[in-house]
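Numbering (UniProt numbering), first residue to last: 1 to 69.
Presented below is the structure to which this report refers.
See the structure below:
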């Protein structure tokens, strides 16, 4: 699995996941429940992961949408 995005913004993560899902690419958010360790204040970032073979296309899709640089 390859990391596409790392962010503390849950809206950005949801938008990126939905965009990839709309293109038929399965994305998985990791570290979603890590906020329990920081007292639920949201300082620990989540990671958006995709399969290795889909990483290039997924990165291009998110770049075209302006979600990543």
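We treat Cβ as the ideally placed atom computed from N, Cα and C, and that holds for glycine.
- In this structure, DSSP gives residue 27 an extended state, which the three-state scheme calls strand.
- In terms of Cα proximity to residue 9, the closest of 64, 57, 22, 31 is 31.
- Between residue 50 and residue 27, the gap from beta carbon to beta carbon is short of 8 angstroms.
- Only residues of its own chain outside the window of five on either side were considered, and among them 63 have a CB closer than 8 angstroms to the CB of residue 69, listed in chain order.
- Note on residue 61: 16 or more other CB atoms within 10 angstroms of its CB, so buried under the neighbour-count rule.
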